Structure formats: C-alpha cells, structure tokens
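Here is the structure we will look at.
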Amino acid sequence: MQKTSAHAAPFAHLKNQLLVLVLSVLTCLFAIVSLAQAADRDNVAAFLHITGFDVAIDSIALSATSAPDLLGMNQGDFGAQWTAVAEDVFDTDLMQNRALNILEATLDDDLLAHAASFYASDLGQRLVQVENDSHMADDDEKNLVGNAMLSDMQENEDPRIDLFRRMSVAIDPNDIGPQAMTEIQVRFILAASYAGVIDLRTDEDGLRALLNENAEEMADAIETSSLANAAYTYRDFSLEELVAYTEALEHPDMMTVYELMNAVHFEVMSNRFEALALRMGDIQPVQDL
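Take a look at the structure:
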C-alpha cells in the first residue's frame, strides 16, 4: 500500500457532505452556559422532531463516508467490514440519545417554546421539510443544482444571496465554523494515530498548523458551499418567506437555541468520529501520515 506523507495534504479530498454538516457545528460543548429550568426529556424529544434537528443528528451518519479521506485513504482500504463498522458507530439511536441527554440538561423551557412556536407554524413546517430533504439528498445532484442556481443569482444580483448570508451569520455570529472543522479533524486524526491506523509524523501542534495552512481557502469553500446549499434547499420559497425566516433566525432567543444545538451537533459528531477511529484500528494496517 502506498504511503502518505505529512506533506501530502490529503485533507483537500474532504467531501462536500462533511463540509455541509460542519457548517452547522459552530461552537463547542464547553461554551454552553447552564440555563435555568431545563426542559424535560419528552418536551426536548418533541422539540427535536418539530424543528427537524433529529434528522440533522441522523444525517451525521452520512459523514462516515468521508472519514477515510481525512487519512489519505478510502473505504476500500478497510475491506468488507467497513459498512458494518460505520453503521454500528454512527447508530442513530445512540446519537439521538446523546443529543437528548445534553439538551435535556441545558435547553431552557422558554427558549424551547420560542423556537418550537416558529417551526410549528405553516412556514416553519415547510422549512423543516425541505431542510430534512436537503440533509438526505444526493450530494452530486445537490451540488450541481445548487451551484447552477447560485451562479444565476449572482449574475442577476438576486437579493436572496444577502438573505442566505444573514442566515449564516445568525446561526454563527462569531464565525466559529472553521474552528469546529479543524477540531473535528484533529480529534479524529489523533484518535486514528492512537489506534494505530496511521503513523502520525508530527505532534498535535504540528497537525493543527498543517490543517491551518489552507484555512483561507477552506473558508472560501465553506462560504460557497453554504450559499449553494441554501440556494438548493430554499429554491421554492418566495423572497418574502425567506425574509421572514431570516428575521426569525436573527431573534436573540433563536440564536441562543442554535448555539446550543450547534454545540450538541459538534459534540455528537466529534464523539462518533473518535469512536470510528478506534474501530478502524481493528480492521486496517498502519498508514503513514
């Protein structure tokens, strides 16, 4: 098997699905503040369903296909066991329970009610449906259609583009997304090294420096991917409906809810990638990185 050096930058092959998912992973769990009157579990479960966050959690499993790329490898390197291992690690019941456990302890009843009231509306439910569909859509089709639509919007100076940017700011006002992407990669690669999947030729600081070499290029790719994904997802909504959604996302209570949900998404995804790295150690010879 061909060796991969630390200078080969295999991270350039990160698939779009992981990029899209990490757009919503915007702040780490340790940033969550304790909130009074945490919601009970049944209410949180209902909240996850009505907002579509349960589908977003389930869709984390799709990112497993990109995991070998981060190591300069591919799924075929792990043989017939790969599918079974990936499905076991990214078990949706396990991920849902982990999300419920965290939100049950941190999500305030008033915040839950605020977000749920919007997403329970006719507009909110239509938005949830298309967002759920987009999470599970074929990446190639989504990229092709989304980028074509975005190109047309840019040529026509469509005001929807500014709304898409405002949406992104509302769910990530401090632009934590790129840091979250780096953290997921670092935790996964270090876990793969500890498990013997790769022979890492640098320490953690060196790994972070390597990943940050293309930070500006990655930020541009994230923004373009975000806009194209929004163009695809919200293609059937009127300008007025998108204005209403943007303003709802910009409400301080909604922004706090997204901070919590994004933190949970980050924690669940990072935890599962670390677990996957350990399992990969049982089915793959050592690879240099």
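First residue of the sequence shown? That's 155 in my numbering, and the numbers climb one at a time after it. For every residue, glycine included, the Cβ atom is placed at its ideal position computed from N, Cα and C. For clarity, every value in this text was computed on a predicted model and none was experimentally measured.
C-beta contact flag for residue i and residue j at 8 Å
i, j, result
"ALA398", "PHE318", "no"
"VAL299", "THR387", "no"
"LEU403", "ILE325", "yes"
"ASP223", "THR246", "no"
"PHE232", "MET434", "yes"
"LEU225", "VAL351", "yes"
"GLY230", "ASN286", "no"
"ALA218", "LEU432", "no"
"ALA382", "LEU281", "no"
"HIS419", "ALA210", "yes"
"GLN339", "LEU365", "yes"
For residue i: DSSP bridge partner residues
i, result
"ILE376", "Its beta-bridge partners do not exist; DSSP assigns none."
Cβ-based burial, residue i [other Cβ within 10 Å; buried from 16]
i, result
"PHE165", "Its pLDDT being 34, under 50, PHE165 is placed unreliably in this model, and the value from its coordinates should be taken loosely. Per the 10 Å Cβ criterion, buried."
"ARG389", "exposed"
"ASP306", "exposed"
"ASN456", "Because the chain is modelled from 155 through 443, residue 456 falls outside the range shown and cannot be assessed."
"SER271", "exposed"
"ASP436", "exposed"
"ARG355", "exposed"
"SER288", "buried"
"GLY331", "buried"
"GLY360", "exposed"
"ALA240", "buried"
"GLU413", "buried"
"ALA221", "buried"
Any non-hydrogen atom of the ligand MG within 7 Å of residue i CB
i, result
"ILE376", "The ligand MG is not part of the structure shown, which contains no ligands of any sort."
Residue range of the alpha helix (DSSP H) that includes residue i
i, result
"ILE330", "Looking at the DSSP string, ILE330 is not in any alpha helix (DSSP H), and its letter there is neither H nor E."
"THR410", "406–434"
"ARG280", "276–290"
"GLU367", "No alpha helix (DSSP H) contains GLU367, which DSSP labels as neither H nor E."
"LEU393", "393–403"
"PHE207", "207–212"
"GLU295", "293–309"
"ALA238", "236–243"
Identity of the residue in the options nearest residue i by Cα
i, options, result
"ASP407", "ILE352, LEU354, ASP196, LEU261", "LEU261"
"ASP312", "LEU393, GLN250, GLY350", "LEU393"
"GLU337", "ILE315, ASN425, ASN251, THR410", "ASN425"
"ASN416", "ASN197, ASP194, ARG195, LEU202", "LEU202"
"ALA291", "ARG252, MET335, LEU216", "LEU216"
"GLU421", "ILE204, ARG280, ILE214", "ILE214"
"SER322", "ALA373, PHE232, ASN310", "ALA373"
"GLN250", "SER275, VAL411, GLN235, ALA200", "ALA200"
"LEU208", "TRP236, ILE315, ALA253", "Here the sequence assigns Asp to residue 208, which means Leu is not the residue at that position. Taking only the C-alpha atoms, the option nearest ASP208 is ALA253."
"ARG320", "MET409, ALA221, SER220, GLU428", "MET409"
"ARG195", "ASP242, VAL239, LEU257", "LEU257"
"GLU428", "ALA240, ALA346, VAL411", "ALA346"
"SER380", "GLU401, LYS296, MET227", "LYS296"
"LEU277", "THR237, ILE204, ALA334", "ILE204"
"GLU401", "ALA269, LEU364, VAL243, ALA238", "ALA269"
"ASP444", "ARG341, GLU371, GLN308", "The chain is shown from 155 up to 443; residue 444 falls before or after that span and cannot be answered."
"GLU395", "LEU414, GLN279, ASP294", "GLN279"
"MET335", "ASP294, ARG314, ALA267, ARG362", "ARG362"
"ASP329", "ALA369, TYR348, THR237, GLN235", "ALA369"
"ALA375", "ASN301, ASP316, ARG314, ASP353", "ASN301"
"ARG314", "MET227, GLN235, PHE391", "PHE391"
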